[in-house]
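The structure appears right after this line, and notes come after that.
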Amino acid sequence: MAPKARQPCYVLGVGMTKFIKPRGKVDYTELGFEAGVKAMLDAQISYDDVDQGVACYCYGDSTCGQRVFYQFGMTQIPIYNVNNNCSTGSTGLAMARDLISHGGADCILVVGFEKMMPGSLQTFFNDRENPIGTSGKMMAETRGVAKAPGAAQMFGNAGREYMEKFGATAEDFGEIARINHAHSVNNPYSQFQDVYTLEQIMASPKIHEPLTKLQCCPTSDGGAAAVLVSQEFLDAHPHLKDQAVLIAGQSLATDAPSLFSRSAIDLMGREMTQTAARRAMAEAGVTPGDFAVCELHDCFSANELITIDALDLCEHGKAHDMVRAGDITYGGKIVINPSGGLISKGHPLGATGIAQCAELVWHLRGWANNRAVPHTKWALQHNLGLGGAAVVTVYRRADGKEAAVVDSATVGRVNKLGYNPAVEAKGFTAEQVKAVRSKDKSSAWALQDTLQKVEARF
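Quick note, our numbering runs 311 ahead of the 1-based positions in the sequence shown.
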């Protein structure tokens, strides 16, 4: 079916919580509430402006989204609950964009949140077929099964295949982790902000060859949110055009038969990533060389390497050459994961894709002034979920210009918050919460004591 013409869709507001270790101390209701309030404050709207809501999470009962959104108001708008594995947040963004671009809404609030269990990812429904069970069987048949977390085995095997076929080394994967950890020190929302040498990365406990512990993302609790709006909505709020970021291209792709080609790289969704990337770039009218900054799904360092290749950011089979040349960090061809990526920032599944969006929006606005990437005009996002779904998004400023760095004092005046959320993680006041909640259709009972709990953490 030929693609239908789309109306422009913009990211007008973003917000997120600090990503933290999953210790059961903060509930999803607080995480979603904090992120949503921050996004609406950033967009300078209230919940009464929101036509529809999209809630993104993997772990939780049905209608957790309503439980979070009712805290903003009970305006009887449609609220959708999305679960698409690790690409859940970006799937929610894609849904919202589709609705707006085809005239279904003018303003949609997308909130991702996750309250996770400590340790590696777990399966909770053991009385039925695992949705990625066929992939697990293929791994067992082609590479065997080791005493390591399943995801680490799958992605580690993909890394091994890249080594076998193209000459990458274990140190190339370690260098990716070193860079992402180094980037994280400038991200106030990052779960970890520790700097390591390559030697320390390589000496950390071995998880599954070639991966060591410091090359694996942690499980996390966290929330992130975005406000997406139509051209008509933005035209009605012209004073906000300078902060609006256009979703210039976007594609959600699922797996092709190549998933079961017996290649460990294909088993990690190589073709759906490549397909989504090429579709999104074609829609935006850009090439891989147009990007200065990228947030990609580095759940393991091995996945960053194979994804660099799948996104066509390098010549096929040469991703490790980019790493060795310093071309994935500041001073190189493209800065990948300035946020610290999943490896250091953390990976609360439902929030991850929206947090990537927030990071890139801050760069395109020029607000990420402590980690700014020169000549940023376009930004690339990749979010992957095994099972499978890959979402690739191309962003650009609404005015089409390169981002100019904005000092934090100016940001604080423009956003009326008094600080720059791109470089400082702060809470909010009861008055600010009152400003964004529905004026006539809010319920104190729905809010319970969430506000007090959030305030207590700041």
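For each residue, glycine too, the CB sits at the ideal point set by N, CA and C.
Cβ-based burial, residue 726 [other Cβ within 10 Å; buried from 16]: The sequence position of residue 726 within the sequence shown is 415, counting from 1. Classification for residue 726: buried.
Drop a sphere of 10 angstroms on the beta-carbon of residue 582, count the other beta-carbons inside from all chains shown, and report buried for 16 or more, exposed for fewer. Taking the first residue of the sequence shown as 1, we reach residue 582 at position 271. Buried, because 16 or more other Cβ atoms sit within 10 Å of the Cβ of residue 582.
Could you check whether the Cβ of residue 755 sits closer than 8 angstroms to any heavy atom belonging to the ligand FMN? For the ligand FMN, the structure offers nothing, since it holds no ligand at all.
Is it a yes or a no for the stretch 738 to 753 touching the stretch 347 to 355, going by three-plus beta-carbon pairs under 8 angstroms? yes
Collapsed DSSP secondary structure at residue 372 in the structure displayed: To locate residue 372, count along the sequence shown from 1; it is residue 61. The answer is coil: DSSP assigns residue 372 none of H, G, I, E or B.
Could you tell me the distance, in whole angstroms, from the CA atom of residue 654 to the CA atom of residue 701? Against the sequence shown, residue 654 aligns to sequence position 343. Against the sequence shown, residue 701 aligns to sequence position 390. Approximately 18 angstroms between the Cα atoms of the pair.
By the 10 Å Cβ neighbour count, where 16 or more other Cβ atoms means buried, how is residue 444 classified, buried or exposed? Here residue 444 refers to the residue found at position 133 of the sequence shown. It counts as exposed.
Buried or exposed for residue 561, going by 16 or more other Cβ atoms inside 10 Å? Mapped onto the sequence shown, residue 561 falls at position 250. When all chains shown are included, residue 561 counts as buried.
Endpoints, the beta strand (DSSP E) within which residue 702 is located: Stepping through the sequence shown from its first residue, residue 702 is reached at position 391. Run containing residue 702: 700 to 708, per the beta strand (DSSP E) assignment.
Could you tell me the distance, in whole angstroms, from the CA atom of residue 596 to the CA atom of residue 559? Locating residue 596 in the sequence shown gives position 285, where the first residue counts as 1. Locating residue 559 in the sequence shown gives position 248, where the first residue counts as 1. In a straight line, the C-alpha of residue 596 is about 8 angstroms away from that of residue 559.
Cβ pair residue 487, residue 379 closer than 9 angstroms: Residue 487 sits at position 176 when you count from the first residue of the sequence shown. Residue 379 sits at position 68 when you count from the first residue of the sequence shown. Not closer than 9 angstroms, so no.
Nearest residue (CA-CA) to residue 389, options 476, 754, 365 and 644: Residue 389 sits at position 78 when you count from the first residue of the sequence shown. Closest by alpha carbon: 365.
Assign residue 331 to one of three DSSP states: helix, strand, or coil. Taking the first residue of the sequence shown as position 1, residue 331 is located at position 20. If DSSP states are grouped into helix, strand and coil, residue 331 belongs with the strands.
Count Cβ pairs between the stretch 621 to 633 and the stretch 490 to 503 that sit closer than 8 angstroms; are there 3 or more? no
Can you find the residues in the same chain that come closer than 8 angstroms, C-beta to C-beta, to residue 738, ignoring five residues on each side of it along the sequence? Here residue 738 is taken as the residue at index 427 of the sequence shown, counted from 1. 345, 765, 766, 768 and 769, listed in sequence order.
Inspect the beta-carbon positions of residue 422 and residue 534 and report whether they are closer than 9 angstroms. Within the sequence shown, residue 422 is the residue found at index 111, counting from 1. Within the sequence shown, residue 534 is the residue found at index 223, counting from 1. Yes, these two residues count as a Cβ contact at 9 angstroms.
Within this structure, are the beta carbons of residue 376 and residue 358 separated by less than 9 angstroms? Numbered from 1 along the sequence shown, position 65 holds the residue referred to as residue 376. Numbered from 1 along the sequence shown, position 47 holds the residue referred to as residue 358. No, these two residues do not count as a Cβ contact at 9 angstroms.
Let me know the alpha helix (DSSP H) ranges lying completely inside the stretch 656 to 728, each 4 residues or longer, listed in chain order. 660 to 676 and 719 to 725
Environment of residue 341 [buried if 16+ CB atoms lie within 10 Å]: Numbered from its first residue, the sequence shown carries residue 341 at position 30. By the 10 Å Cβ count, residue 341 comes out buried.
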